[in-house]
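Colleague: With the numbering used here as the guide, the letters of the sequence shown map in order to residues 2 to 245.
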Amino acid sequence: MSETLVEINNLTWRVNQKNILSNINIKIKTGQFVGIIGTNGAGKSSLLRNIYRYIKPTSGTITLSGIDIWDQKAKNVAQQIAVVQQSSDHLPYSVFEIVKMGLTPHKSFFQNDNKDDDARIAQAISDVGLTSLSDVNYEQLSGGEQQRTLIARAIVQNTQLLIMDEPTNHLDIHYQIDILILLQQGQILAHGTPREVLTQRIIAKAYQVDVSINEHPVHHNPQLMFHYNSSDDNASDYSASGQL
2 MSETLVEINN LTWRVNQKNI LSNINIKIKT GQFVGIIGTN GAGKSSLLRN IYRYIKPTSG
62 TITLSGIDIW DQKAKNVAQQ IAVVQQSSDH LPYSVFEIVK MGLTPHKSFF QNDNKDDDAR
122 IAQAISDVGL TSLSDVNYEQ LSGGEQQRTL IARAIVQNTQ LLIMDEPTNH LDIHYQIDIL
182 ILLQQGQILA HGTPREVLTQ RIIAKAYQVD VSINEHPVHH NPQLMFHYNS SDDNASDYSA
242 SGQL
C-alpha cells in the first residue's frame, strides 16, 4: 500500500475575515495523480499555494511525509515539492539557465555546478523536446514552450511531489487522474474517482449549467457535453473529454 505523501487536516485560509478555503481535508498517496477542478474563484490556486508553502493557513495543518510543512525550512520543502505555475513572460534568462534553477534547493550558497549537473539539465531539456532552444531567451518562446521549460526545471528539481497550476493551458496531459477534487466557494463539493465526481448532478451544481455525460467511445472515460441557455433554440453545446 502506498504511503501518504500529503495530508491536509481542517485547513482554513481567511483573508479580511472572509474564508477563501474552509475545512479542507485531503490525503494524497505517493504515486497518485490528483486533479483539482472548480469554477473561477473556487479556491484552486489558493489551495495549491497553501500546499507548497507560499501562503500560511489561518488554521489547520499540512504535512509532507508526516512532517508539518511549517515546521520545515523553505529549502527543505523545495527539495520535496516542485511547482509549475502558469507560465510568466517575465523571466529574462535562457531555457538552460531557467532549468538550471531547479538545482538551487539542493546546492549550498557557494557550491558550483559540475559536469553531472550540466548533463542532468541537458537531459531534462531533451525530455521536454527543447534541446534546439536551449540557448534561446525564455521570453521569446511560445506559451507551450515556456510551460515545457518550467516542467524541465521541475524535473531537475527531482522532488517527491509535483504541483502544476493550470497545466492544460498550453499542454496536452497524457496521465490518468486517480483522484479528482471539486472545489466550490473554498470548500470540497466532491472528492473521489473521476467517475464518482463527474456526475450530472455534481457538475450542474458546481458550474450552474446543464450537462450530459457519456462514455468516450475510444478512451471509455467520462465525456461531458455542456448545454448553455438550454431554453434557447439557438443554444450552443460544448463538449469536453480527456484522460480522466
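C-beta: ideal position from N, C-alpha, C; glycine also. These numbers were taken from a predicted model, which means no experiment stands behind them.
Which first and last residues belong to the beta strand (DSSP E) in which I214 is found?
Modeller: Translated into the one-based positions of the sequence shown, residue 214 becomes position 213. From DSSP, the beta strand (DSSP E) with I214 extends over D211 to E216.
Colleague: Applying the 10 Å Cβ sphere with the 16-neighbour rule, what's the burial state of D233?
Modeller: Taking the first residue of the sequence shown as 1, we reach residue 233 at position 232. With a pLDDT of 48 at D233, under the threshold of 50, the modelled position of this residue cannot be trusted, and the question is left open.
Colleague: Where do the ends of the beta strand (DSSP E) carrying G36 lie?
Modeller: Locating residue 36 in the sequence shown gives position 35, counting from the first residue. Its beta strand (DSSP E) spans residues V35 to I38.
Colleague: With H, G and I counted as helix, E and B as strand and the rest as coil, what does DSSP make of T105?
Modeller: On the sequence shown, residue 105 is found 104 positions in, with the first residue counted as 1. If DSSP states are grouped into helix, strand and coil, T105 belongs with the helices.
Colleague: Quick one: is Y55 buried, meaning 16 or more other Cβ sit within 10 Å of its Cβ, or exposed?
Modeller: The residue given as residue 55 occupies position 54 in the sequence shown. It is exposed - the Cβ of Y55 has fewer than 16 other Cβ atoms within 10 Å.
Colleague: In whole angstroms, give me the CA-to-CA distance for G243 and E216.
Modeller: Position 242 of the sequence shown, counted from the start, is the residue given in the question as residue 243. Position 215 of the sequence shown, counted from the start, is the residue given in the question as residue 216. Legend: pLDDT at G243 = 45, less than 50; position of this residue unreliable, value from coordinates given subsequently. Distance between the alpha carbons of G243 and E216 is about 11 Å.
Colleague: In chain order, what are the residue ranges of uninterrupted beta strand (DSSP E) at least 3 long that sit wholly in the stretch 48 to 115?
Modeller: If we require 3 residues or more, the beta strand (DSSP E) runs fully inside the stretch 48 to 115 come out as 60 to 65 and 82 to 85.
Colleague: Between I82, L131, S23 and E8, which lies nearest to K45 when the distance is taken from Cα to Cα?
Modeller: Here residue 45 is taken as the residue at index 44 of the sequence shown, counted from 1. Checked all of I82, L131, S23 and E8; the closest Cα to K45 is S23.
Colleague: What's the call for W14, buried or exposed, on a 16-neighbour Cβ count within 10 Å?
Modeller: In the sequence shown, residue 14 corresponds to position 13, counting from 1. Its Cβ being crowded by 16 or more others within 10 Å, W14 is buried.
Colleague: Ordered along the chain, which non-local residues of its own chain (more than five positions away) have a Cβ less than 8 Å from that of D179?
Modeller: Within the sequence shown, the letter at position 178 stands for residue 179. Excluding positions up to five away in sequence, the list reads Q33, F34, V35 and T194.
Colleague: Less than 8 Å between C-beta atoms, sequence neighbours within five positions excluded: which residues of the same chain meet that for D128?
Modeller: Taking the first residue of the sequence shown as position 1, residue 128 is located at position 127. Excluding positions up to five away in sequence, the list reads A153 and I156.
Colleague: Is it the case that the stretch 77 to 84 contacts the stretch 109 to 121, given that we only count it when at least three CB pairs across the two stretches are under 8 Å?
Modeller: Touching, no.
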